[in-house]
Every structure is written in structure tokens, then in C-alpha cells.
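Sequence lines, in order, name chains A and B. For the first sequence, the numbering used here begins at 22 and goes up steadily by one. For the second sequence, the numbering used here begins at 88 and goes up steadily by one. Positions of the beta carbon are idealized from the N, C-alpha and C atoms, including for glycine. Just so we're clear, the structure is a prediction, and the values are computed from it rather than from any experiment.
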Amino acid sequence: MLPEVLNAMHGAETRFFANASALHTPGHLAMNEIEEVRKTLAKLIGAKPSEIIFTSGASESNNTIVRTFAGHQIETSPLEHHSIIELADKVSGNKLPKLYSYMLANNEIGEILDIQKIVKEARSLTTPKEDSLFEPISEWGKPLVTDRRGAYVHSDLTQVLGKIPINVCELGLDYATFSAHKIGGPIGVGALYVKEGVPFAPLIIGGNQENKRRGGTYNTVGIIGFGAALKKIQCEKSWEQYDTHVRKLRDLLARRILTEIPGSSLNTDIAPGKSLPNILNASFQAAEGESIQLYLDAEGIVVSTGSACASGDIKPSHVLMAKTGDAEVAHSSIRFSFGLDNTEADIEKVMQVLPGIIDRLQKISTIERKTK
Amino acid sequence: MNEGQDWIYTDIVKEHFMHPRNFLFGDESKFKCDAVGVVGNPICGDQMKMYIKVKDDKIEDIRWKTYGCASAIASTSALSELAKGKTLDEALKISAKDIDDYLGNLPKHKFHCSVLGHQALADAIKNYRER
Chain A
22 MLPEVLNAMH
32 GAETRFFANA
42 SALHTPGHLA
52 MNEIEEVRKT
62 LAKLIGAKPS
72 EIIFTSGASE
82 SNNTIVRTFA
92 GHQIETSPLE
102 HHSIIELADK
112 VSGNKLPKLY
122 SYMLANNEIG
132 EILDIQKIVK
142 EARSLTTPKE
152 DSLFEPISEW
162 GKPLVTDRRG
172 AYVHSDLTQV
182 LGKIPINVCE
192 LGLDYATFSA
202 HKIGGPIGVG
212 ALYVKEGVPF
222 APLIIGGNQE
232 NKRRGGTYNT
242 VGIIGFGAAL
252 KKIQCEKSWE
262 QYDTHVRKLR
272 DLLARRILTE
282 IPGSSLNTDI
292 APGKSLPNIL
302 NASFQAAEGE
312 SIQLYLDAEG
322 IVVSTGSACA
332 SGDIKPSHVL
342 MAKTGDAEVA
352 HSSIRFSFGL
362 DNTEADIEKV
372 MQVLPGIIDR
382 LQKISTIERK
392 TK
Chain B
88 MNEGQDWIYT
98 DIVKEHFMHP
108 RNFLFGDESK
118 FKCDAVGVVG
128 NPICGDQMKM
138 YIKVKDDKIE
148 DIRWKTYGCA
158 SAIASTSALS
168 ELAKGKTLDE
178 ALKISAKDID
188 DYLGNLPKHK
198 FHCSVLGHQA
208 LADAIKNYRE
218 R
């Protein structure tokens, strides 16, 4: 977590430890702080403050939108987060209008998607006039209306906030998901952008919070922490630093892996505009991902893997499987995520140990390395 | 999944993973063995190969290769220690549970997919007897 976030949260614990919905002074002060964060996020993504709903994180935000379209046609891709695909599998149906849910960028290989193409397709569809396109749920989630468009578009922007510039209006999105901890904020806080006038059904029905769109006492301290993280990326224009400093480091590591490690390949397309500048996913023939991950961990280098072994699952990463169709490539994959504080010395540190780790695993492997 | 987490394995597993015993490094032909056994599939994420040298019906020496996660490497290493010096019949009795006990227990979700070495060993013994 960022120090600014810790400070803001610590201050909030003592100053605003109150129910933000209450009428007393501490409650009122807490509410003011929450509204400030709402404005900050709205400004950062080109939305109106009233279009922002705070949630417990990306999974809740994603679930809320998919459930809004329960019984409707839902189109998504196998690259999406489980909180979208698993629920969509369960609740989708044949009704119109349809929901498209596509990430702007994938978190595992960093691939950036042409979302405007999907928006264009969604806009070209029409829905026949019917009286009730959505089941009304009493007065909850008042904006449960439709402007009779053919389809709506949701995008999980969890991975891209702060890494590339975002404008939800320019992207043409109806809904978008955000998470605080992915930008150095606290775990357990997220947000949902819901464009004015689009269908919406609340997931949590409780009090009047969030304009009756999300029940439950406000997570004041968490939201204030989220606000501090948002302020930081806004002040520093972090996306510019990602595009220059971080991209340079990522590309350097990619080049060095390819030239110095036999049997390596990239799962991330590092050409400009094709991927997030901070993600590098690579596979190492004949070496298994969890082993690579843990040998690196022993050297103080933290990475993640698409191998099944690391997840307690028997299937390897669904993203890499969808992308490569090759289980071995998925099992042998490692994802390096870069932050703004990484330096060339970090790349050097990785390259001092990684070639040896891969060589050792390849030499005790039952699989023979095919390429030199 | 281990981002920011401590090791999910016991110290013995870690020791066998960091310093595996009896592995066959590089070219297979470097170890003159009497029989080889294989189990698993790289597509599933784990594959083990056991190489045995037999003298007077005993496993005189043993080597292994593994493609797999930390617990696959550690459990194959542990098995090689357990099997060395045993008669073929004794070696056939080594079970997944024995390997798990030796290692101080692997996480449950790891046990079924990565403790497979004893099957490769049984395969090697079968191949030896069928020579």
C-alpha cells in the first residue's frame, strides 16, 4: 500500500470513524470525504460523480452488472475475470437487450483490446419494443430503465486505471469496474461506473446508501484510502510514467529474456499500443511456472504464474489457454508486473538469477527443450 | 498465488525443493541405469521419470527427472531417498502417504497432483522385471 494511502486511512480512522449516512457531525464529515473521493474518481475517468458507486471491489462490481442482465444475452470473452465469466455462464439467457462485457486490457498478458469496435457493434443492434425489458425490483435501483438500445457495454478497467489514460465517455462505455488495491489503495474497496439512464439492478439491497444502488454502511476508511491512491495517480499523471519509464524497463527485460534464456518466449505483445506497459508474461520451455516462481521468491523476486500448480486448481490459466491453446506454455508461464518504483537494477537482479533457475529446471526436466 | 505470502510448504519440502537429492542433471545417458519408469503428463503440469540401478534385487542407485511444481520436485527427491537401498519388493510398497509423511505433509490440494513419483518407480521396477 502507498504511504499516502496509509496516512489518509490512519487519519480517517480517528477523524471519520462514523456512519457516513448518519446525521451527526462525524457522519456528515465522513460523507463529505466520501463525496470528495467520488468526484476525484469521476474526474479521472471522465464521468459525473453521480455515475460512481462504491463497492467492495472489482468482483462485486462485475457481479452487479452481470446480475443486472440475468436472463439476458451476455457476451464476454474467455479472457475475462472469473467474477464475470462464471456468473455469466450461470445467469445468461436469451432476453434482449444484450450485455457485452470485455476488459479493456487483460491482467495476465496485458493485452489491450479494441473496445471501441465492441461498442460500435453494440450500438448497431436494436431491441424490439416491448413493455418490460427488465423485471422491476420495487423502488430499488430506480434507474432500471432502458433507452431501448440493442446492447450495453461493460468493461472491467481494474488493470488499466492509472496505467493508461481512461475516459469512459470517449470509450463509449455504459458500465465500468474499478478496484482500489490495484492502484496502491486498500484491499476491499472498488467502484462501479454506471452511465446515467442505463439499466441497473443493485446487488446488495439494504439502506439508502449510494442512492439506493448499493446497500450497506459506507466503508469510509477504505474509500478515503482509495481517494488517496486516486489523488496520487491524478497528481503524478502516473499513466505518463508508465508509458515512458515502466515501458522501457519492461521492454528491456523482454529483450534480455529472449536473448539470454534458451527456450523462452513472450506471451505479451510488447509492440506499442498492444499491451499495458507494466505487464510482461513469458514462458520457459520445459520449466514449470510454480517452481520458477518459488525459486525467484527465494531470491526476493515476486512474480505470478499461470501454472495450475500455483492456484490449487488442476487447470492452468484460462487466459493463457484461450490465447495459446497450449497447456505446456500456460504451465510454464511467469508474469512480471512492474511498478513505478522499479529500476534498471531490478531488471539486472532478475537477470542475474533467472537464467540459472531456468537452466537448472530445464536440465532436471522430463521434457526436452526444443529450441536453442 | 504466492504473491506476498509466506511459503505454503514445510521446511522439509522447502529443503528438498531448494536442494533436491539424486536428480539426473542434463543428458540422461550420463546415468547408466537398468530400467526407467515414467508417470504423468506435461499437459497436466507434472511428469516424473525414475531411473534405477539394481544389484542383488536391491535399488543400488537411483536418479530422477521431474517437470513440475515445487512439491513435485520435493516429493520425487524424497522418494529417491526413501527408495535407495531397498529391495524391489520393499520399494514397491512405498506409497504416496509415505512420501507425504516423510515431507511433513504437503498442502492437500498439492498431494493428489504432485505425489506421483512412486508410480514412476513402480513402472521402472516393472520394466526391470520384464527385461
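In whole angstroms, what is the alpha-carbon distance linking K69 (chain A) and T198 (chain A)? The residue labelled residue 69 (chain A) in the question sits at position 48 within the first sequence. The residue labelled residue 198 (chain A) in the question sits at position 177 within the first sequence. Roughly 15 angstroms separates the two Cα atoms.
Using three-state DSSP, classify R218 (chain B) as helix, strand or coil. One-based indexing of the second sequence puts residue 218 (chain B) at position 131. Here R218 (chain B) sits in coil by DSSP.
Neighbour-count burial assignment, N299 (chain A), 16 or more Cβ in a 10 Å radius: The count along the first sequence starts at 1 and reaches residue 299 (chain A) at position 278. With 16 or more other Cβ atoms within 10 Å, it is buried.
Flag H352 (chain A) as yes if its beta-carbon sits less than 8 angstroms from any beta-carbon of chain B, otherwise no. Taking the first sequence and counting its residues from 1, one reaches residue 352 (chain A) at position 331. Interface residue, yes.
Out of curiosity, what's the CA-to-CA distance linking P287 (chain A) and G236 (chain A)? Taking the first sequence and counting its residues from 1, one reaches residue 287 (chain A) at position 266. Taking the first sequence and counting its residues from 1, one reaches residue 236 (chain A) at position 215. Note that residue 287 (chain A) is Leu in the sequence shown here, rather than Pro. Roughly 44 angstroms between the two C-alpha positions.
Is the beta carbon of S176 (chain A) closer than 8 angstroms to that of M124 (chain A)? Here residue 124 (chain A) refers to the residue found at position 103 when the first sequence is read from its first residue. Here residue 176 (chain A) refers to the residue found at position 155 when the first sequence is read from its first residue. Result yes, Cβ atoms of M124 (chain A) and S176 (chain A) sit closer than 8 angstroms.
Give me the residue from B:G204, B:A159, B:K173 with the minimum Cα distance to L315 (chain A). Position 294 of the first sequence, counted from the start, is the residue given in the question as residue 315 (chain A). Nearest of B:G204, B:A159, B:K173 to L315 (chain A), Cα basis: B:A159.
Using 8 angstroms for Cβ pairs, my map puts T147 (chain A) next to G183 (chain A). What's the rounded Cβ distance? For this step, residue 147 (chain A) is matched to residue 126 along the first sequence. For this step, residue 183 (chain A) is matched to residue 162 along the first sequence. 36 angstroms between Cβ atoms; not a contact.
Give the DSSP bridge partners of Y154 (chain B), in chain order. Indexing the second sequence from 1 puts residue 154 (chain B) at position 67. DSSP output for Y154 (chain B) lists B:Q134 as bridge partner(s).
Where does R36 (chain A) fall in DSSP's three states? Start at 1 with the first residue of the first sequence, and residue 36 (chain A) comes out as number 15. It is helical.
Per DSSP, which residues does Y214 (chain A) bridge with? Please list them. Here residue 214 (chain A) corresponds to residue number 193 of the first sequence, with the count starting at 1. Answer by DSSP bridge pairing, in chain order: A:I73, A:A197.
Is R234 (chain A) helix, strand or coil when you go by DSSP? Position 213 of the first sequence, counted from the start, is the residue given in the question as residue 234 (chain A). The answer is coil: DSSP assigns R234 (chain A) none of H, G, I, E or B.
Can the beta-carbon of I66 (chain A) be found less than 8 angstroms from the beta-carbon of I187 (chain A)? For the purposes of this step, residue 66 (chain A) is identified with residue 45 of the first sequence, where counting begins at 1. For the purposes of this step, residue 187 (chain A) is identified with residue 166 of the first sequence, where counting begins at 1. Using a Cβ distance threshold of 8 angstroms, I66 (chain A) and I187 (chain A) count as a contacting pair.
Specify the secondary structure class of N127 (chain A) as computed by DSSP and reduced to three states. For the purposes of this step, residue 127 (chain A) is taken as the residue at position 106 of the first sequence. In this structure, N127 (chain A) counts as coil in the three-state DSSP scheme.
Is the CB-CB distance between I133 (chain A) and S296 (chain A) below 8 angstroms? Taking the first sequence and counting its residues from 1, one reaches residue 133 (chain A) at position 112. Taking the first sequence and counting its residues from 1, one reaches residue 296 (chain A) at position 275. In this structure, S296 (chain A) lies closer than 8 angstroms to I133 (chain A) by Cβ.
What do you get for R271 (chain A), buried or exposed, if any count of 16 or more other CB atoms within 10 angstroms of its CB means buried? Along the first sequence, read from residue 1 onward, the residue named residue 271 (chain A) stands at position 250. Under this definition R271 (chain A) is a buried residue.
Please state the DSSP three-state secondary structure of S304 (chain A). Stepping through the first sequence from its first residue, residue 304 (chain A) is reached at position 283. Three-state DSSP puts S304 (chain A) in a strand.
Quick one: any contact between the stretch 105-114 of chain B and the stretch 160-176 of chain B, if contact means 3 or more CB pairs under 8 angstroms? The stretch 160-176 of chain B and the stretch 105-114 of chain B touch, with three or more beta-carbon pairs separated by less than 8 angstroms.
Contact check, L361 (chain A) vs V267 (chain A) under 8 angstroms by CB: the rounded distance? One-based indexing of the first sequence puts residue 361 (chain A) at position 340. One-based indexing of the first sequence puts residue 267 (chain A) at position 246. About 7 angstroms separates the two Cβ atoms, so the contact holds.
Have a look at D110 (chain A) and D185 (chain B) and give me their C-alpha separation to the nearest angstrom. Along the first sequence, read from residue 1 onward, the residue named residue 110 (chain A) stands at position 89. Along the second sequence, read from residue 1 onward, the residue named residue 185 (chain B) stands at position 98. So the alpha carbons of these two residues sit roughly 42 angstroms apart.
Which residue marks the beginning of the beta strand (DSSP E) containing P118 (chain A), and which one marks its end? Your numbering for residue 118 (chain A) matches position 97 in the first sequence. Taken as a continuous stretch (DSSP letters only), the beta strand (DSSP E) holding P118 (chain A) covers 116-122.
Excluding five sequence neighbours on each side, which residues of the same chain lie with their C-beta closer than 7 angstroms to the C-beta of D210 (chain B)? Counted from its first residue, the second sequence places residue 210 (chain B) at position 123. If we look at D210 (chain B) and ignore the five residues flanking it on each side, its Cβ neighbours are G124, V125, V126.
In angstroms with no decimal places, state the Cα-to-Cα distance between S304 (chain A) and H49 (chain A). Against the first sequence, residue 304 (chain A) aligns to sequence position 283. Against the first sequence, residue 49 (chain A) aligns to sequence position 28. Each residue's alpha carbon lies about 52 angstroms from the other.
By how many angstroms is the C-alpha of L190 (chain B) removed from the C-alpha of T97 (chain B)? Position 10 of the second sequence, counted from the first residue, corresponds to residue 97 (chain B). Position 103 of the second sequence, counted from the first residue, corresponds to residue 190 (chain B). Cα to Cα, the separation comes out at about 7 angstroms.
Take the Cβ of G204 (chain B) as the centre, count every other Cβ of all protein chains shown within 10 Å, and call the residue buried at 16 or more, exposed below. Here residue 204 (chain B) refers to the residue found at position 117 when the second sequence is read from its first residue. It counts as buried.
Unbroken beta strand (DSSP E) run spanning H202 (chain A), endpoints: Reading the first sequence from its first residue, position 181 is the one you call residue 202 (chain A). First-last for H202 (chain A): undefined, no H or E at that position.
Please go through the stretch 256-292 of chain A and give each complete alpha helix (DSSP H) segment of 4 or more residues, from N-terminal end onward. 259-262, 268-281
Pop quiz: G228 (chain A) and S77 (chain A) are said to be a contact at Cβ under 8 angstroms. What is the actual Cβ separation, rounded to whole angstroms? Counted from its first residue, the first sequence places residue 228 (chain A) at position 207. Counted from its first residue, the first sequence places residue 77 (chain A) at position 56. G228 (chain A) to S77 (chain A), Cβ: 15 angstroms. No contact.
Ends of the alpha helix (DSSP H) at T46 (chain A)? On the first sequence, residue 46 (chain A) is found 25 positions in, with the first residue counted as 1. From DSSP, the alpha helix (DSSP H) with T46 (chain A) extends over 46-66.
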